[in-house]
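Quick note on numbering: our numbering labels position 383 of the sequence shown as 385, and the sequence is numbered without any gaps. Glycine included, each C-beta is placed from N, C-alpha and C at the ideal position. Here the structure is laid out as structure tokens; the discussion comes afterwards.
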Amino acid sequence: VQCRQENTKFVSEVVGLSEQLSEASKTFKELDTKINVVSGKIIHLGDQLERRNAPRESLREARRLILEFSKFLGAGGGTFANISLIEKTASIRALSALCLELPDDERFLVAKQRVTVASQNLENLLVKWFRHDFSTENDDMMRRIAEVLTCSRSQSGCVDVFIDEFLKCLPPDLGDLSMLPDILAQTEARIVRIFRRPESVVLHLIQALFSRNLKTHFQSKVRLDMPTDVFLTNLYTEYCNFDRLVFQLIERLQLLSDETQLYKLLSGLADEVLQGYQLREINWLNEHLRGQLSTYYASYNHQKRPINTSGFSELKNVVQARLHINNDREAPTGCLLLSQQVAVNMLDDVRQSAKRCLLLAKPAVRPQFGLKIFEILVRYLVNEHLDYGISVALQVLNSMDPKVVDPSFTFFAAVNESTTLFDLFEKAVNEFIGPLLAGSPSQMQKCLTRRQELRHRLEEKLSTGLEQCLTLTLTRIQVILLNEQKKTDFKGEVSVLSSAMVAELPACSSACQNVCKFVRKVIEDARQNLDGQNLCNFLHELGLRFNRLLVDHFYGFSFSDSGGFVAMQDVTAYRDTARECQSPKIDYLFDILLKLMNLMLIKPQNVRQVWQDYEQSGIPKELLANFIALRVDYKSRLQSAVKRYPETSR
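Here is the structure:
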């Protein structure tokens, strides 16, 4: 019951509030309607008052203008006494507009001329005041004058005065132009305060700055009559300064809408100088690289000469060497004519040229320019220095006679130095010339093809030289063995060895000692100068040919028991020397040679067993038969049996 009572009470309160809200909304709408009616009447009344007062103001202004104009109609001309220049300008502008509406007859001609003269004199006076206010930094008065003259012909006069006075305030020596961005940023803010259209004023200011002050500065620093070194250095330095200035102005100045305009101004500033830049750059690079080579060869007292690498020339050198004919005119130098320092100096010159080209040359001509720089570098560093040095080293090799003296392998050093120089060359091409060629895939491909050709040519020459080194080494080994190895070394009179006899036998023959000493020296020289695949290939081939030469050498001897022991000692020494080649295959071949030489010490009754063991280990039958035939007792005790070994082992 209580809940129903409370519900009834609550419903009645809600109904009452709803009625009050409806009444309030109705009252609000009535008040809003009355306000709109009153506002409309007030606006209508204002329009009526304005229509009544406007003609009165127009009449008053017209009366004032007529009075002013009447002064110009009089004999004495018009005056503007006791009013400010700004007010004078407003009046004279109104009079000028009035004159345009008057007919061109004799009644008003004199007055119109006087108004024009007064207007011009007044504008000139305001421009002078504008100049004065610039010096006193009275920006407010300058703004008022600029606003007054906005629609007159003297508006440009204010801009010209502002630009002239600004440029006069700049120091004569602009240095590296680093102070200009700050100065121009401050001036831009001042222009915004003074002029209504500051964008055009800023653009005119920048154009005047480039065409006057900066042009004078650039021409004083870069002159066509300068020496090429100074010209190129100054041109690059100043262009860098200007390029940095343009970039900073684009960042600092807010009113520059066309950024390309600045680069056009910069291009126009340097166009005359840049017309002959490419030719001077190429000439400079040619002279510098040629000078690097001349200075280097002069330091060695070396006169460059053409190197004839034909087959006839090589044959001639070999014949002269063997006959000990000394031709001083064509005698090759004994020093290594390859220098990393020369290469570094050349590449530094190329780096400078490429850096200047990247900044100064137009993008369309950079690839062709870069290819020219590449060809110059190839000519002097690769052809006239690297290729020439290797050719001289090859000629030195061809002039050696290993039958007379141990050959000197300076060619190893030439291989090392030439590989380093070519790596420097390729790195420089990628780093310095590559960016110039990036805009042209065809020029990039030309450069890549040329580099591959140069590397292939270098590898061929190095291979030829290393092959000649191998030939000289093996020839010298043959000469040592031929001159120093005696038949009696391996054919002693003792047929059965005792312990005491073994102790008295030499460790190895003197020929072996000299051969091992020579081979070790060759390997040491190779390790000091060669690396990578060149070293591996050379040592591997040396070990193979050394082993083959020793096998052929031993075929020329007969071995007794004591001689076989000496031969075993020799082969052991040869194997120890060959191990320095660090090749498993070479070690295997010399192990086989040692086993073959062991056949000289085996008793005749054990030969068959050893033969079978060696054959099972992979040694060819023919090789076993050939070495057993070298024993002094072969014909008397082993020949008939050995011939049956291959048949019984099938």
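Inspect the beta-carbon positions of residue i and residue j and report whether they are closer than 8 angstroms.
i	j	result
Leu360	Cys449	no
Val634	Ser585	no
Leu226	Val150	no
Ile379	Val344	Note that residue 379 is Leu in the sequence shown here, rather than Ile. Their beta carbons are not under 8 angstroms apart, which means Leu379 does not touch Val344 by this criterion.
Lys463	Ile392	yes
Leu472	Glu543	yes
Leu268	His219	no
Glu190	Leu247	no
Ala430	Cys510	no
Leu186	Leu264	no
Asn347	Gln294	yes
Phe136	Val163	yes
At the level of alpha carbons, what is the spacing between residue i and residue j?
i	j	result
Val224	Ile208	21 angstroms
Val129	Ile165	13 angstroms
Glu52	Lys217	60 angstroms
Lys405	Leu591	27 angstroms
Gln470	Phe371	41 angstroms
Arg457	Phe424	8 angstroms
Lys170	Leu211	10 angstroms
Gly80	Ala272	Note that Gly80 scores 45 on pLDDT, short of 50, meaning its location in the model is unreliable; the coordinates nonetheless yield the value given after this. Looking at the two C-alpha atoms, the distance is approximately 54 angstroms.
Ser564	Leu396	45 angstroms
Gln611	Glu526	41 angstroms
Glu25	His46	32 angstroms
Ala569	Leu546	19 angstroms
Glu289	Val573	59 angstroms
Leu255	Val204	9 angstroms
Leu476	Leu551	8 angstroms
Asn9	Glu15	10 angstroms
Lys493	Leu632	10 angstroms
Asn400	Thr412	12 angstroms
Arg453	Ile479	39 angstroms
Cys337	Glu433	32 angstroms
Ile85	Leu172	Reliability of the predicted coordinates at Ile85 is poor, the pLDDT of 40 falling under 50, and the value obtained from them is presented with this limitation in mind. So the alpha carbons of these two residues sit roughly 37 angstroms apart.
Please classify residue i as buried or exposed, where buried requires at least 16 neighbouring CB atoms within 10 angstroms.
i	result
Ala416	buried
Thr35	exposed
Asn531	buried
Gln305	exposed
Val398	buried
Leu595	buried
Arg199	exposed
Glu261	exposed
Glu32	exposed
Thr239	exposed
Leu18	In the sequence on display, residue 18 carries Gly and not Leu. Classification of Gly18: exposed, given that the 10 Å Cβ count is below 16.
Ile44	exposed
Tyr302	exposed
Thr490	exposed
Glu125	buried
Tyr557	exposed
With residue i and residue j assumed to form a contact (beta carbons below 8 angstroms), what rounded beta-carbon distance in angstroms separates them?
i	j	result
Gly441	Arg358	That belief does not hold up - the Cβ atoms of Gly441 and Arg358 are roughly 17 angstroms apart, past 8 angstroms.
Leu237	Leu438	So it is not a contact: roughly 17 angstroms between Cβ atoms.
Leu388	Leu426	About 10 angstroms; that fails the 8 angstroms criterion.
Ala528	Phe414	6 angstroms
Phe233	Arg282	7 angstroms
Phe559	Leu603	That belief does not hold up - the Cβ atoms of Phe559 and Leu603 are roughly 15 angstroms apart, past 8 angstroms.
Ile630	Lys597	Incorrect: roughly 12 angstroms between the Cβ atoms, too far for contact.
Met144	Ile193	That pair is no contact at about 10 angstroms.
With H, G and I counted as helix, E and B as strand and the rest as coil, what does DSSP make of residue i?
i	result
Phe561	strand
Arg633	strand
Leu456	helix
Asn140	coil
Arg145	helix
Lys493	coil
Ala366	coil
Lys28	helix
Arg307	coil
Cys510	coil
Pro229	coil
Ile45	helix
Ser420	helix
Leu19	helix
Arg6	helix
Ile375	helix
Pro586	helix
Cys518	helix
Any heavy atom of the ligand SAM within a distance shorter than 7 angstroms of the CB on residue i?
i	result
Asp175	With respect to small molecules bound, the structure shown includes none, and the ligand SAM cannot be examined in it.
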